[in-house]
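If you're matching positions, the sequence shown starts at 14 in this note's numbering and goes up one per residue.
Idealized CB from N, CA, C, for every residue including glycine.
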Amino acid sequence: MSRTVLARLRDVPFADGSAAHVELVRSDEPVPEAEVFAAMVVLQDADGRYAVVFSPRRDEWGPPGGAREPGETVVECVLREVREETGLVLAGEDLAPWGQERFEPQSAGRWPAAGGAMQLYRARIGVAAPQLRAAEDDAVDPHWVSVEEFRSLSGDRFWWPLIEEAPPSGPRAHAPG
């Protein structure tokens, strides 16, 4: 798959008062580990509903995900974030790279000063609407929504074009462990 730039956005504002230029990229190739500071996954159930969580810090709904911890690989990061934010346990082979958000900071924020990337994955589980429960307070009220509900919650967010590009299924289906 070639690398397709979906959008180049200037001076995107963030809840902490910072801003960055952001490039939204659709690609099946993973971003090199050294460039990735965060990861998230567009996660669908067997009926095509999306798992969403509310981030009080960002004051927005979105897919499960977050920042890498020291010594953690990108895949370990997203698997941990899914477990913490939804209670679901996925495996690395459940994930397929889908795209990236490339950040060029314009002011100090939570990302590295030099910028970097947020890796986006997609995945689909083989059961319909398993119970979701958050184990951490940085993402709350996880639940399943239709694509229309997801668009209503998040369609105005800068990252939405990457979600709209996601096909209605992930790389494989199984029941989460």
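Enumerated in chain order, which unbroken segments of the alpha helix (DSSP H) with a length of 4 residues or greater are wholly contained in the region 113 to 175? 160 to 167
Determine, using beta carbons only, whether Asp-151 comes closer than 8 Å to chain B. No chain B is present in this structure, which holds just one protein chain.
Got a sec? Which residues, its chain only, sit under 7 Å from Ala-186 by beta carbon, not counting five neighbours each side? Locating residue 186 in the sequence shown gives position 173, where the first residue counts as 1. Note that Ala-186 scores a pLDDT of 45, beneath 50, so its modelled location is shaky and nothing firm can be said.
Which value, in whole angstroms, describes the spacing of the CA atoms of Pro-69 and Val-153? In the sequence shown, residue 69 corresponds to position 56, counting from 1. In the sequence shown, residue 153 corresponds to position 140, counting from 1. For Pro-69 and Val-153, the distance between alpha carbons rounds to 8 Å.
Once you ignore the five residues that flank Phe-171 on each side, which residues in its own chain have a CB closer than 7 Å to its CB? Numbered from 1 along the sequence shown, position 158 holds the residue referred to as residue 171. The residues are Leu-22, Val-25 and Val-35.
From the DSSP output, in three-state form, read off Glu-97 for me. In the sequence shown, the residue the question calls residue 97 occupies position 84. It is helical.
Give every residue of the same chain whose Cβ lies closer than 7 Å to the Cβ of Leu-103, excluding the five residues on either side of it in the sequence, and list them in chain order. Numbered from its first residue, the sequence shown carries residue 103 at position 90. If we look at Leu-103 and ignore the five residues flanking it on each side, its Cβ neighbours are Leu-92, Val-95, Ala-136 and Pro-189.
In this structure, what does DSSP give as the bridge partners for Ser-68? By 1-based counting over the sequence shown, the position of residue 68 is 55. In the DSSP output, where bridge partners are listed per residue, Ser-68 has Glu-73.
Tell me the DSSP bridge mates of Arg-39? As a position in the sequence shown, residue 39 is number 26, starting the count at 1. BP columns for Arg-39 point to Thr-17 and Gly-112.
Looking only at its chain, what residues have a beta carbon closer than 6 Å to the beta carbon of Val-49, apart from the 5 residues adjacent to it on each side? Residue 49 sits at position 36 when you count from the first residue of the sequence shown. Val-87, Ala-130 and Gln-132, listed in sequence order.
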